[in-house]
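Trainee: Mind having a look at this structure? Questions to follow.
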Amino acid sequence: MSEPLKVKERRNMYQCLSCKWMLVTRDDDDGVTPFAIQCRRCGKFAYSSFYDPPDFVAQGFVPVDAVWNKPNAQQYSALTPIEKEHVDKGGLLLYDMEGKPFPAHEVKQ
Ligand SMILES: [Zn+2]
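End of the sequence shown sits at 747 in my numbering; the numbers just go up one at a time, nothing left out.
What follows is the structure, encoded as structure tokens:
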């Protein structure tokens with residue numbers, strides 16, 4: 639048995655049911671992440687694996703594509719009012735591995 643992962647290391651996976659696009663994410667902060675994001679390939683829904691991704695993802699055999707973070711003060715000031723409200727309610731935002739906002743917005747139903 640291994641130790642449970644700390645929040646900082648929690649991995650998740652989003653997968654599009656239409657085109658099978660896949661995104662591996664890691665949480666670097668405590669907070670809320672959406673259950674679905676927009677698929678970057680076809681624009682439909684990519685669904686969360688609810689922090690129970692396949693073993694090859696959970697054990698780190700594939701690279702992380704993007705990171706869920708609380709924005710720092712500088713990043714926060716650049717957010718839209720809707721994004722600020724999301725963050726104020728405890729939501730995390732998705733950034734690529736260079737710290738730039740990751741363009742996979744939460745899908746509005
Ligand atoms: Zn897709």
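Just so you know, even glycine gets a beta-carbon here, dropped at the ideal spot from N, CA and C.
#1: Taking 7 Å as the cut-off, does the CB of residue 659 come closer than this to any heavy atom belonging to ligand 1?
#2: Can the beta-carbon of residue 666 be found closer than 8 Å to that of residue 707?
#3: Per DSSP, what kind of secondary structure is residue 715 in: helix, strand or coil?
#4: Can you list, in chain order, the residues of its chain with a C-beta nearer than 8 Å to that of residue 702? Leave out the 5 residues immediately preceding and following it.
#5: Excluding the 5 residues flanking residue 746 on each side, which residues of the same chain have their C-beta closer than 8 Å to its C-beta?
#6: What three-state label does DSSP hand residue 694 in the structure shown?
#7: Would residue 725 and residue 731 qualify as a contact pair, given that the criterion is a beta-carbon distance under 8 Å?
Mentor: Based on what the coordinates show:
#1: In the sequence shown, residue 659 corresponds to position 21, counting from 1. Yes, Cβ of residue 659 sits closer than 7 Å to a heavy atom of ligand 1.
#2: As a working mapping, residue 666 is identified with position 28 in the sequence shown. As a working mapping, residue 707 is identified with position 69 in the sequence shown. Cβ atoms of residue 666 and residue 707: closer than 8 Å.
#3: Within the sequence shown, residue 715 is the residue found at index 77, counting from 1. Residue 715 sits in a helix when the DSSP states are folded into three classes.
#4: Start at 1 with the first residue of the sequence shown, and residue 702 comes out as number 64. Same-chain partners within the cutoff: 649, 662, 663, 664, 735.
#5: As a first step, residue 746 is located in the sequence shown; it is residue number 108 there, counting from the start. Any reading at residue 746 needs caution, since the residue's pLDDT is 47, under 50, leaving its predicted position unreliable; the model's value is listed next. If you ignore the 5 residues before and after residue 746, its C-beta comes within less than 8 Å of no other C-beta in its own chain.
#6: If you number the sequence shown from 1, residue 694 lands on position 56. If DSSP states are grouped into helix, strand and coil, residue 694 belongs with the helices.
#7: As a working mapping, residue 725 is identified with position 87 in the sequence shown. As a working mapping, residue 731 is identified with position 93 in the sequence shown. Taking C-beta atoms as the reference points, residue 725 and residue 731 count as a pair closer than 8 Å.
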